[in-house]
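Numbering of the sequence shown is given in this note's numbering, commencing with residue 42 and proceeding in unit increments. We put the CB at the ideal spot given by N, CA and C, even for glycine. Here the structure comes first, spelled out in structure tokens, and everything after it is commentary.
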Amino acid sequence: MGLFSKVKDLFQANTIDLISKAEDPEKMLNLYVERATEEVHNFQIQVNRALADKIQLEERIQVLNKEIKVRSEQAALAVQQGKDDLARTALTYKNQAVSSKREYESQLAEQEKSVKDLQDNLHVLSEKLEKAKMERNNLVIRQRRAETMKKANETVSGLSTHDTLEDFDRMKDRVERMEAEAKASGTMVHTSTVEDQFAELEASKVNSEIEDELARLKAGNKIELNKN
């Protein structure tokens, strides 16, 4: 019964204690259930042996009942035939059989009580084993749920740490900087185009002034020629 006491203590323990004290609570629970199952099996063997002894006693009593009947008939027959010595022998065997029968009946009464007690205990153990299996299944589910919640909380905690937030902020700054550089690049292209246009205007102005000066020179040459 000691193993079932340990199993009971284990099943009454807090799930958190199980997780912290046992390397693998599920494995340990299965191990205890397996041992308890083996103990119930061994106890069942004892009950079966007790039943076998009871049946054997009953069979011996039946054999003695037959012998008592036969010896009684033999004694009666010997008396009828005037064989008193033979009758005495038959009655002696009968009395021995009666004495043995009484002894076996006494043993049978004790054995029947023992078998009943064993069967009652086996019933109690079997119920405890079934309850232990249910508790084991319940604790395994609770353990798995606790481990899942713990991992989930650790994950959430990891995502909310300062270092992780800094990583996000750094990536955000980098993206914003890339966007700013892209805008600046577009502005530079636009500025370059306007400046080119102004440069063309300046060049056109210079060319126009040259043409105007050339025209004046030509006009002055014509005047000089006409004077000559």
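If you follow the alpha helix (DSSP H) that residue i is part of, which residue opens it and which one closes it?
{"i": "residue 124", "result": "First-last for residue 124: undefined, no H or E at that position."}
What residues in its chain sit with their C-beta under 7 Å from that of residue i, if we drop five residues either side in the sequence?
{"i": "residue 167", "result": "81"}
{"i": "residue 63", "result": "In this prediction, residue 63 scores a pLDDT of 49, lower than 50, which makes its location untrustworthy; the coordinate-derived value is nonetheless stated afterwards. The residues are 69."}
{"i": "residue 174", "result": "74"}
{"i": "residue 163", "result": "84, 85, 88"}
{"i": "residue 103", "result": "none"}
{"i": "residue 146", "result": "102"}
Under 9 Å between the Cβ atoms of residue i and residue j?
{"i": "residue 116", "j": "residue 129", "result": "yes"}
{"i": "residue 101", "j": "residue 135", "result": "no"}
{"i": "residue 170", "j": "residue 93", "result": "no"}
{"i": "residue 160", "j": "residue 88", "result": "yes"}
For residue i, collect the residues of the same chain with a Cβ closer than 6 Å to its Cβ; drop the 5 residues on either side in sequence, then sort them by chain order.
{"i": "residue 125", "result": "none"}
{"i": "residue 105", "result": "138, 141, 142"}
{"i": "residue 42", "result": "For residue 42, the predicted model reports a pLDDT of 47, less than 50, meaning its position is unreliable and no value from the coordinates is stated."}
{"i": "residue 120", "result": "128"}
{"i": "residue 240", "result": "none"}
{"i": "residue 191", "result": "none"}
{"i": "residue 214", "result": "none"}
Taking the beta carbon of residue i as the centre, do at least 16 other beta carbons fall within 10 Å, making it buried, or is it exposed?
{"i": "residue 193", "result": "exposed"}
{"i": "residue 72", "result": "exposed"}
{"i": "residue 223", "result": "exposed"}
{"i": "residue 258", "result": "exposed"}
{"i": "residue 216", "result": "exposed"}
{"i": "residue 260", "result": "exposed"}
{"i": "residue 156", "result": "buried"}
{"i": "residue 131", "result": "buried"}
{"i": "residue 210", "result": "exposed"}
For residue i, which residues from the same chain have a beta carbon less than 8 Å from its beta carbon, with the 5 sequence-adjacent residues on both sides left out?
{"i": "residue 152", "result": "91, 94, 95, 98"}
{"i": "residue 181", "result": "66, 67, 70"}
{"i": "residue 109", "result": "135, 138, 139, 142"}
{"i": "residue 122", "result": "none"}
Point to revise | Those runs of the beta strand (DSSP E) which lie wholly inside the region 149-206 and span at least 3 residues | key: none
Review point. Which ranges would you report for the beta strand (DSSP E) in the region 72-139 if only whole runs of at least 3 residues count?
Key: none
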